[in-house]
Amino acid sequence: MLILICHLAASGSGQLLRPGEKKSGAIMFCSKKKSLEVERIVKANDREYNEKYQYTDNRIHTCKYNILTFLPINLFEQFQRVANVYFLFLLILQLIPEISSLTWFTTIVPLVLVVTMTAVKDATDDYFRHKSDNQVNNRQSEVLIDSKLQNEKWMNVKVGDIIKLENNQFVAADLLLLSSSEPHGLCYIETAELDGETNLKVRRALSVTSELGADVSRLAKFDGIVVCEAPNNKLDKFTGVLSWKGSKHSLNNEKIILRGCVLRNTSWCFGMVIFAGPDTKLMQNSGKTKFKRTSIDRLMNTLVLWIFGFLICLGIILAIGNSIWENQVGDQFRTFLFWNEGEKNSVFSGFLTFWSYIIILNTVVPISLYVSVEVIRLGHSYFINWDRKMYYSGKATPAQARTTTLNEELGQIEYVFSDKTGTLTENIMTFKKCSINGRIYGEVHDVLGQKTDMTKKKEAVGFSVNPQAGRTFQFFDHHLMESIKMGDPKVHEFLRLLALCHTVMSEENSAGELIYQVQSPDEGALVTAAKNLGFIFKSRTPETITIEELGTLVTYQLLAFLDFNNFRKRMSVIVRNPEGQIKLYSKGADTILFERLHPSNEDLLTLTSDHLSEFAGEGLRTLAIAYRDLDDKYFKEWHKMLEDANAAIDERDERIAGLYEEIERDLMLLGATAVEDKLQEGVIETVTSLSLANIKIWVLTGDKQETAINIGYACNMLTDDMNDVFIVAGNTAVEVREELRKAKENLFGQNRSFSNGHVVFEKKQPLELDSVVEETVTGDYALIINGHSLTVYDQWFITLFNIVYTSLPVLAMGIFDQDVNDQNSMDCPQLYKPGQLNLLFNKHKFFICMAHGIYTSLALFFIPYGAFYNVAGEDGQHIADYQSFAVTMATSLVIVVSVQIALDTSYWTVINHVFIWGSIATYFSILFTMHSNGLFGIFPRQFPFVGNARHSLTQKCIWLVILLTIVASVMPVVAFRFLKVDLFPTLSDQIRQWQKAQKKARPLRSRKPQTRRSSSRRSGYAFAHQEGYGELITSGKNMRAKNPPPTSGLEKTLYNSTSWIENLCKKTTDTVSSFSQDKTVKLSQDEFEPHSYLFTLAGAEINWLQSLRSGARGGADGLA
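Here you go:
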């Protein structure tokens, strides 16, 4: 197998790019329509001033329709489907008497039913959107109106209003933070609704507004004007200026609280609304509700177009035949038919006949297919919601299908793209090792000096002398403590850097214990490690950082904070120690920091790089550590330039970044850190199952290359038997393409095709082929009578066939059927492959089913035709009349379709029995009702088959013909299926036979529960991937195995085939037996041929989809 590892720099910001905006100093207004906004001007507490800009209110709309627009918009969407447009066109044709051979109700009834059912489903979905919108819009918020706080609905909040938020409340709109209950205008927010991050983030108010506090009278007098960027979807960017009391204050993202956030650990705060409703960044990222189509939908549309093309060709051929007949023979009949003179033109007659045949043969276009698909999808979505095995008890969260249109895509997944940290791993960091001045600390050696495994539980280092040491912290290398006690200056400087260079906030609980609030788990692990090793971060003020160094309190003056972001990949602090020395401490990615080292570090750099590679090979998250001594005069000049850059309006970020680059150079290397992030429970088993199911997994990580490879081995993405693992290290598309070309030559030779280790097929899922071919089977035969056509079937039969007689059995099979049970589906991930490889529903299979439908149609027509030819009934009367022939064919067709569906059903429920046999009973009930004297007396023109059903179906010869027709239609399929399952069983056939054998062998032996063993190999990551709180801190706002999945015993039981051709085909038994002993059978495409060529294949396909539903839950459990 060939594995491609993609090494990317991860970004935690979740930034979404928007189109560039044309800057302009003026804003245009229009009384009718708002022009494109280029900048926003908002005045606090002045609704009249802000209304002239026509800003939107805070009401949101995620729904697609309202009462007035539902009908036109929904109909427009529905008639984008080819079948609906065709039937509408057909209905128009049927209103023309000259060409219509069927009454209009044969088309309008199914069309209206299809459109109505789809509209009801769409209306139901949109109703819940309305309900959700109303719930959000009617939330209450305290708004400052007329100098007092009033409860107001969210939808009535306006731009410029001042809002009060309390702890654990959702933020109603995008706000400029004015003041809060915390010191210096700080507040804490949770942004999980925006970016999925559960770590608390800090926002702070401007010092000039934080003084307003909770004084309502002062807040009511606040009349500042904000000029800022236009609404956009950038969650991590904001630029603006607040003008108040003759001064201007620059605004950035740290001053803004976005809608969707939740206020945490803060009693209250006040904010000014900048963006409301659809202009908020949350809604700007939402976009419009899109109409999604699956590959099944696209394939069905293609097939319908092909069917329509076939219908056109058939109509043309018949029209040409009619013209020829009219020209050569038709003139002989015109004397008796009294045709008009204009109708004697044979070409015109052929033209009319073409449209007549388009109408007669309309049922070959499967309009009911779309409704069946939608209903089956809806049923499957409820199964997902109700699935107990997909219920996560840890948070009392069930699975939820948020859309009903994409269910079958779950059975077609070829690629899984996953983040590593927090998804594959626990996101709980533990300090494991470090490299200081060329020496590794954290390794354990035996008496011979050989490196040993720490899992052998050597005695951990004791930290009892340190009252602040954590109880759970463990470190096994005593040499580090010895170096600390001996006063190694490099070790002390290393730990001092860990205690100073971070964004951690500290506070003490009631017991006097230090509690750290961290921006990322990585920083928490490093600061905690320094604390346990004697360098304790105690507190920070606007200008200082206080740490305890081996029992001695030391206060450092904080001069500057050079914050982390995704481009810098490092962070630095500049401090002045008590001796007056100015030092820059920096930590970050080794690839970034090593480029900025002083040339004198060359030897240490080589040694530390080797250590980093060793750490990465063990799956640990690494970080480089360095420092620099700064001259006082140089720093003052640099700091003056930094102040000027911070005050700038234009290119502020670029100027600051340039100054950071200037001072972060000529660094002196101290060493590196290594922390561990364990794999989550069930990851190894889940990845193994996905790999067996031929699903390719891509993991996004910002780790070193060695770490990424180790993680691949740890979670079974890579295995020891993979000989052809290669690395693509290109930075551009051209470089990557060249790397792939070289890999192709090395692995396959220059003349071999390259498929990156996997064959990629079209992603199509078997779903509703039965409905398509049913429509093929019911294509009407036409009797030519005097040059005009007449359908064989009763018009009411044509109308009701798809929507009454055969719809429910198909739905029952599609929703409830399953070929193998859920446990066996989990035990045999290979069952997932047919959906990926498109083996059960594709164009080839469609044409095979078309051929079978044609055969069935010929049998349905010619067997009764031959049987009735010159034959008298039991009463001596001739039975070869048109009406008796139609009843015989219709009855045979309904029974044949029901029997075929019954043969395709693998898992019988009460509903299946009721729908299949009930449909036959319903057919006979309606048949005798429509042929009754009473109905004929009321509607003589609509129900002309009076008494025919009673007359025909009481004769034994009619039932004999029906029986012969059914047997001739069904037996070839039964014989083919029997031979195929016996001679060439698929994996699904083998498992199904094994299940039947297990049932016969009951009672089953009790099975002991199997325990799950987690792998000892673990992985790690390096550093936080989001911007830190450097600016906040400098402003002085201090804070208060690879184990296979558990099996059901399927592979341990030997199934012995008892085929009637066992002696001829002993390989069937051998195959099943070998399968029972080893589930990981390699399957070829031929082995996945559908188990029948019936015109109703949805049973096997939907059954398989049901098993996938159970199979998919394994991944959900593993990654919960």
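All residue numbers for the sequence shown refer to our numbering, where the first residue is 13 and numbers rise by one.
Cβ atoms here follow ideal geometry from the backbone N, Cα and C, with glycine treated the same way.
Contact between VAL804 and ALA879 fails: their C-beta atoms lie close to 15 Å from each other, not under 8 Å. Note on GLN593: under 16 other CB atoms within 10 angstroms of its CB, so exposed under the neighbour-count rule.
The beta carbon of ASP173 is closer than 6 Å to those of VAL155, VAL285 in its chain, skipping five residues each way along the sequence.
Taking C-alpha positions only, ILE559 is separated from LEU422 by approximately 54 Å. Counting only unbroken stretches of 3 or more residues, the beta strand (DSSP E) elements lying wholly within the segment 668 to 735 are 680 to 691, 708 to 712, in sequence order. Closest in alpha carbon position to LYS267, among GLY450, PHE250, ASN854, is PHE250. For MET167, no beta strand (DSSP E) segment is defined, and its DSSP state is neither H nor E. In this structure, the beta-carbon distance from GLY333 to PHE366 does not fall below 7 Å.
ILE913 is positioned such that its CB atom lies no closer than 7 Å to that of MET838.
Non-local C-beta neighbours of GLU750 in its own chain, meaning closer than 8 Å and more than five positions away in sequence, comprise GLY742, ordered along the chain. Using a Cβ distance threshold of 7 Å, ILE319 and VAL385 do not count as a contacting pair.
Setting aside the 5 residues that flank it on each side, ILE604 is surrounded in the same chain by LYS581, ARG582, each with a C-beta closer than 7 Å to its C-beta; the list follows chain order. In this structure, DSSP gives TRP280 an extended state, which the three-state scheme calls strand. Look at SER144 here: in three-state DSSP terms it is helix.
For TYR200, the three-state secondary structure derived from DSSP is strand. A straight-line Cα-Cα distance of about 5 Å links GLY724 and LEU730.
Around the beta carbon of GLN412, fewer than 16 other beta carbons sit within 10 angstroms, so the residue counts as exposed. DSSP, read as helix, strand or coil, puts GLN807 in helix. As computed with DSSP, SER255 is found in a beta bridge with ILE237, LYS260.
In the DSSP annotation of this structure, the continuous segment of the alpha helix (DSSP H) that includes ASN945 starts and ends at 945 to 950. The continuous stretches of alpha helix (DSSP H) do not include LEU571, which lies in the beta strand (DSSP E) extending over residues 564 to 574. Using a Cβ distance threshold of 7 Å, LEU247 and LYS293 count as a contacting pair.
Three or more beta-carbon pairs drawn from the segment 255 to 262 and the segment 217 to 232 are found closer than 8 Å, and the two stretches are therefore classed as touching. CA-to-CA, the gap between GLY714 and LEU83 works out to about 50 Å. A Cβ-Cβ contact shorter than 7 Å links ASP829 with SER918. Taking the Cβ atoms as the reference, MET983 lies roughly 30 Å from TRP808, outside the contact range of under 8 Å. Of all C-beta pairs linking the segment 91 to 105 to the segment 306 to 323, three or more are shorter than 8 Å, placing the two stretches in contact. Minimum Cα-Cα distance from SER1000 among the listed residues ARG633, ASP207, GLY847 corresponds to GLY847. Around the CB of TYR427, fewer than 16 other CB atoms lie within 10 Å, so the residue is classed as exposed. Beta-bridge analysis with DSSP links GLN152 to LYS165. For ARG640, the uninterrupted beta strand (DSSP E) run begins and ends at 633 to 642, by DSSP. In the three-state DSSP reduction, SER447 falls in the strand class (E or B). If you draw a 10 Å sphere on the C-beta of ALA1013, you find fewer than 16 other C-beta atoms in it, and that means exposed. Annotation for GLN529: the continuous beta strand (DSSP E) segment containing it runs 526 to 529. Sequence-distant Cβ neighbours of ASN728 in its own chain, meaning closer than 6 Å and more than five residues away, are ILE696, VAL699, THR700, LYS1054. Here GLU194 is buried: its Cβ has 16 or more other Cβ atoms, across all protein chains shown, within 10 Å.
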